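**Q** Before anything else, here's the structure in question.
Number of protein chains: 2
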Amino acid sequence: MIKKLKMEELNRPSVEAFKEAEKTPIAFVLDDVRSALNVGSAFRTADAFGCAEVVLCGFTAQPPHREIMKTALGSTESVAWRHFSETQTALEALRTEGYILVAVEQADASIFLDQIDIDQQKGEKFALIFGNEVEGVSEIAMEMVDFVIEIPQFGTKHSLNISVSVGIVAWEFVKKLRC
Amino acid sequence: MIKKLKMEELNRPSVEAFKEAEKTPIAFVLDDVRSALNVGSAFRTADAFGCAEVVLCGFTAQPPHREIMKTALGSTESVAWRHFSETQTALEALRTEGYILVAVEQADASIFLDQIDIDQQKGEKFALIFGNEVEGVSEIAMEMVDFVIEIPQFGTKHSLNISVSVGIVAWEFVKKLRC
């Protein structure tokens, strides 16, 4: 019989230990994301995967915020974040800091997520850009990115929910950069 | 300049075409999931990844339901689903139908998601079991499963959101079984 682990058996770090720990070299960039629930979920995923930071752009909601708290469950305390009024300014700053800029979008020259070629040994860091629920990643961001990743999909709907897309794309990077 | 694709350029199948198409051989089993928003999100992910079905157990909400609709965005029309009052009965039925039973849980003898060994060539199909938001996968289900998968995590919080976990685990199977 396989036994479930109790919270104390998971050996989760404290907020202080998390802040001092080495991070997975990825940042989530939320480009005019409308739903604060999606923002909170991105924080929770960033905490779980030990990500470097969350970058909130434009009208994307910022902590403290009631709906962010609902889905972040306290992870806005552990995960580093900052806000930029303009996505362009955010991406310029991230590029200066050495981030490779990656849009997650359905596009004509995208790389499917199962085909990405990244290697822990190269020491690269990645800013993963997720766009608005309806409009997707902004045109200004699309013009600046180094490449575009697309999650292969076979269904009737346009796309996956942003929270789910953040989790899937983050996992693929975490696996290659940290596991 | 990389161009975003329009809805009509994505060549998404109609609901009728989806129903007739060959499916990714995975089912999502929701074992007493409290949030109907999580249920709707599981439907949307099942649609996107062309999954065989969604199996709702116990008090997990069923369509038609206002909160499921909010996050499913119509995917309850494309994705096959059924409900069982008891998770045990559901898992017995799925096993009889040839499904391998897999819990997604933090457990003492779990296999980390990056280590799973599955192969498209074997023609296997998998029932992926996700548990209640607080209690996790039920003990009765844990006793019945063939193996347990755990998503590696490095954060301060207990776990990822269910919707996000469904997406991440489904993606890993979709990649190995379909991409």
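Each protein sequence line maps, in turn, to chains D and C.
Counted the way numbering that gives the first Met the number 0 counts, the first sequence spans residues 0 to 178.
Counted the way numbering that gives the first Met the number 0 counts, the second sequence spans residues 0 to 178.
No residue lacks a Cβ here, since even glycine has one placed at the ideal position from N, Cα and C.
Computed from a predicted model, the values in this text were never measured in an experiment.
Taking Cβ positions, are Val54 (chain C) and Ser109 (chain C) nearer each other than 7 Å?
**A** no
**Q** Provide the residue(s) that pair with Glu149 (chain D) in DSSP beta bridges, ordered along the chain.
**A** D:Phe111
**Q** Name the two residues that bound the continuous alpha helix (DSSP H) containing Arg81 (chain D).
**A** Arg81 (chain D): not part of any alpha helix (DSSP H); member of the beta strand (DSSP E) spanning 80-83, first to last residue.
**Q** Please identify, using Cβ separations under 7 Å, the residues of the segment 146-157 of chain C that lie next to chain D, in order along the chain.
**A** Those residues of the segment 146-157 of chain C that come within reach of chain D (Cβ to Cβ, closer than 7 Å) are Val147, Pro151, Gln152, Phe153, Gly154, Thr155, Lys156, His157.
**Q** Consider the Cβ of Leu181 (chain D): report whether some Cβ of chain C lies at a distance smaller than 7 Å.
**A** Any answer about residue 181 (chain D) is impossible in this case: the structure gives chain D only from 0 up to 178.
**Q** Using a C-beta to C-beta distance shorter than 7 Å, which residues of chain C count as neighbours of Phe129 (chain D)?
**A** In chain order: nothing, as chain C lies at least about 13 Å away.
**Q** Run through the segment 48-81 of chain D for me and flag every whole alpha helix (DSSP H) of 4 or more residues, listed as ranges in chain order.
**A** 65-71
**Q** With distances taken from CA atoms, which of D:Trp80, D:Lys121, D:Phe83 is nearest Leu99 (chain D)?
**A** For the record, residue 99 (chain D) in the displayed sequence is Ile; it is not Leu. Ranking D:Trp80, D:Lys121, D:Phe83 by Cα distance to Ile99 (chain D) puts D:Lys121 first.
**Q** To the nearest angstrom, how far is it from the Cα of Leu127 (chain C) to the Cα of Ala45 (chain C)?
**A** 12 Å
**Q** For chain C, find out if any of its Cβ atoms is closer than 7 Å to the Cβ of Val133 (chain D); answer yes or no.
**A** no
**Q** Can you tell me which of the three DSSP states Asn37 (chain D) falls into?
**A** helix
**Q** With 16 as the cutoff for other CB atoms within 10 Å, does Val133 (chain D) come out buried or exposed?
**A** exposed
**Q** From the DSSP output, in three-state form, read off Val28 (chain C) for me.
**A** strand
**Q** Output the boundary residues of the alpha helix (DSSP H) element that contains Ile167 (chain C).
**A** Its alpha helix (DSSP H) spans residues 161-177.
**Q** Return the CA-CA distance between Ala71 (chain D) and Val38 (chain D), expressed in angstroms with no decimal places.
**A** 8 Å
**Q** Going by CA-CA distance only, name the one from C:Thr23, C:Phe42, C:Asp116, C:Phe172 that's closest to Lys69 (chain C).
**A** C:Phe42
**Q** By DSSP, does Ala16 (chain C) sit in helix, in strand, or in coil?
**A** helix
**Q** If you pair each beta-carbon of the segment 11-22 of chain D with each one of the segment 160-177 of chain C, do three or more pairs fall below 8 Å?
**A** With the cut-off at 8 Å, the segment 11-22 of chain D and the segment 160-177 of chain C do not touch.
**Q** Spatial neighbours of Val182 (chain C) within its chain, please: CB distance less than 7 Å, with the 5 preceding and 5 following residues excluded, ordered by chain position.
**A** In the structure as shown, chain C begins at 0 and stops at 178. Residue 182 (chain C) is therefore absent and cannot be evaluated.
**Q** So with CB distances below 7 Å, who are the chain C contacts of Pro12 (chain D)?
**A** Thr155
**Q** Assign Cys178 (chain C) to buried or exposed, taking buried as 16 or more other Cβ atoms, counted over all protein chains shown, within 10 Å of its Cβ.
**A** exposed
**Q** Using beta-carbon positions only, say whether Thr155 (chain D) and Val14 (chain C) come within less than 7 Å of one another.
**A** yes
**Q** For Ile117 (chain D), which residues in the same chain have their Cβ closer than 6 Å to its Cβ, ignoring the five residues on either side in sequence?
**A** Lys175
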